[in-house]
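What follows is one structure encoded as structure tokens, with my remarks underneath.
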Amino acid sequence: MSHLQYAAVGLAVLKRSMGNNPDEPDQNTPEAPNYKLPPLTWGLVFLITLLFVPAFLFTSYSLKSVYTTLAIVENPTPAAIRRTYKLLRAANGWRGNYRGFWLAVLIFILAAVGTFAVAAIPFVPSFVAALIVALGLVQLQTAWVHTVIRATPSSTPVWRNLPPFRRTFEATSIPTFLQWAAGVVTTLVSVLLTKALDLPQHHSGPSYEVPAYSHDLIWKAIVLFVVALVLVFALSIPANVILVRVQASLLPPDEETVVPFDRSFNGTVEPAVVGGRSYVTIRDAFRTFSRASWKRVYLLYIKLQVLSIIVNVVYLAIVVPLVVLTSSKVEGPN
């Protein structure tokens with residue numbers, strides 16, 4: 004899951020930031036001007052942010068996690084966000100759009116803490132720690148997918164619905180590795196390209212200095228964005244599709260799903276009672292995903308990104324002018 008990689012990167016940065024800053028400006032250097040916001044502005048910003056929390060949660064969790072998971076396991080249908088919204092509302096009310104939320108929070112916490120702990124071991128890089136933790140959480144990750152695609156919420160505790168660890172690890176360990184590798188490659192290429200294009204990175208100089216930017220910064224940033232986007236569409240999304248389909252194939256046969264779902268994966272999966280593997284292989288998970296399904300998933304990802312950008316732009320269009328218009332310059336140190 005991608006948030007494991009984000010947690011690893013964030014924790015690595017946190018660890019390195021705990022040391023002394025060698026670029027700390029001298030005491031005699033001039034200080035940057037200070038700006039102060041009145042208490043009323045702080046209150047308004049807090050209130051506006053609070054009002055936007057449902058929108059942020061819907062775009063960052065419901066759309067990007069729940070809706071994409073359903074689109075990956077569902078038989079080919081139009082990538083209609085409104086149709087999925089109505090389907091989830093009919094199945095579980097307004098809570099339907101936040102299926103598995105608390106389990107996702109638990110997974111995120113365990114991933115962050117686990118990555119930090121493993122990365123603290125000498126000679127274990129953060130990105131390797133993220134893989135180790137991801138493999139250790141395959142049981143919970145699979146349970147989250149089952150929670151999302153299940154027709155009705157289970158009344159039993161989460162730990163009673165966990166799939167067997169051994170079979171889950173056997174089925175999802177390689178897909179989990181592929182998803183991790185896709186994220187690492189995407190990040191590594193982006194970092195190397197940033198250096199190759201000589202793009203400005205973190206400014207470590209004095210706070211009063213404004214970094215100098217060249218006139219060709221825009222096209223370099225566009226190149227970086229396009230390359231990163233291509234890698235996400237070519238590596239990260241396919242890896243996630245394979246992993247989710249393998250996880251979904253582990254759903255018990257007596258469980259109903261909220262969307263139409265071919266449990267046999269075009270006849271490639273046989274039940275364990277007749278000597279079958281009872282879960283789909285990586286090859287079959289990819290091969291049985293039709294062209295119409297790929298088109299639907301990619302179109303959905305594009306729609307979700309656009310909606311997320313719109314929400315963020317609207318929020319900033321309200322908050323930024325408010326902060327700029329009400330801030331006042333303060334002379335001298337804080």
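Mapping to my numbering: the sequence shown position 30 is 33, numbers consecutive.
Built from N, CA and C at the ideal position, the CB exists for glycine as well.
Given the structure is predicted, the values throughout are model-derived calculations rather than measurements.
What is the DSSP secondary structure of residue i, counted as helix, strand or coil?
i             : result
glutamate 176 : At residue 176 the sequence reads serine, which differs from the glutamate that was named. Correct three-state label for serine 176: helix.
arginine 153  : strand
threonine 260 : strand
serine 68     : helix
serine 158    : coil
serine 331    : strand
Is it buried or exposed, residue i, if we count other Cβ atoms within 10 angstroms and call 16 or more buried?
i                 : result
proline 255       : exposed
arginine 98       : exposed
aspartate 287     : buried
glutamate 77      : buried
asparagine 243    : buried
phenylalanine 166 : Correcting the residue type first, residue 166 is proline in the shown sequence and not phenylalanine. Classification for proline 166: buried.
leucine 66        : buried
valine 121        : buried
isoleucine 110    : buried
isoleucine 305    : exposed
serine 330        : exposed
serine 293        : exposed
Since I believe residue j is in contact with residue i (beta carbons under 8 Å), could you give me their beta-carbon distance rounded to a whole number of angstroms?
i                : j              : result
leucine 106      : leucine 140    : In fact, because the Cβ distance is near 11 Å, the residues do not count as touching under 8 Å.
phenylalanine 49 : valine 314     : Rounded, the Cβ-Cβ distance is 18 Å, inconsistent with contact.
valine 148       : valine 247     : 6 Å
threonine 145    : leucine 253    : 6 Å
arginine 102     : valine 136     : Going by Cβ atoms, the distance from arginine 102 to valine 136 rounds to 23 Å, so no, they are not a contact pair.
leucine 200      : isoleucine 245 : The pair is not a contact, with the Cβ atoms about 32 Å apart (cut-off 8 Å).
isoleucine 285   : valine 249     : 7 Å
alanine 123      : tyrosine 282   : Incorrect: roughly 34 Å between the Cβ atoms, too far for contact.
threonine 171    : glutamine 142  : 5 Å
serine 193       : leucine 227    : 7 Å
alanine 154      : threonine 260  : 6 Å
valine 322       : isoleucine 51  : 6 Å
arginine 280     : glutamate 273  : 7 Å
Just how far apart, CA to CA, sit residue i and residue j?
i                 : j                 : result
serine 188        : arginine 86       : For the record, residue 188 in the displayed sequence is valine; it is not serine. Rounded to whole angstroms, valine 188 to arginine 86 spans 35 Å at the Cα level.
valine 2          : arginine 92       : Any answer about residue 2 is impossible in this case: the structure gives the chain only from 4 up to 337.
leucine 310       : glycine 46        : 27 Å
threonine 72      : proline 41        : 44 Å
tyrosine 64       : phenylalanine 104 : 8 Å
phenylalanine 168 : alanine 184       : 22 Å
isoleucine 177    : proline 241       : 14 Å
leucine 202       : phenylalanine 264 : 46 Å
alanine 351       : alanine 320       : Only positions 4 to 337 of the chain appear in the structure, and residue 351 is not among them; the question remains open.
threonine 291     : threonine 271     : 9 Å
leucine 134       : valine 108        : 19 Å
threonine 62      : phenylalanine 126 : 38 Å
glutamine 308     : arginine 163      : 35 Å
leucine 325       : phenylalanine 289 : 49 Å
threonine 190     : threonine 118     : 17 Å
lysine 89         : lysine 198        : 46 Å
valine 262        : glycine 96        : 16 Å
isoleucine 312    : serine 157        : 34 Å
asparagine 269    : proline 57        : 39 Å
threonine 44      : alanine 295       : 49 Å
tyrosine 318      : isoleucine 84     : 22 Å
alanine 74        : aspartate 257     : 21 Å
phenylalanine 55  : asparagine 100    : 17 Å
leucine 196       : valine 316        : 27 Å
aspartate 219     : alanine 251       : 47 Å
valine 161        : lysine 39         : 47 Å
tryptophan 297    : valine 116        : 34 Å
Heavy atom of the ligand ADP less than 6 Å from the Cβ of residue i, yes or no?
i           : result
leucine 196 : The ligand ADP is absent from the structure shown, which contains no ligands of any kind.
**Message:** Using 8 Å as the cut-off, can you tell me whether the segment 225 to 241 makes contact with the segment 283 to 301, which would need three or more C-beta pairs spanning the two stretches below that distance?
**Reply:** yes
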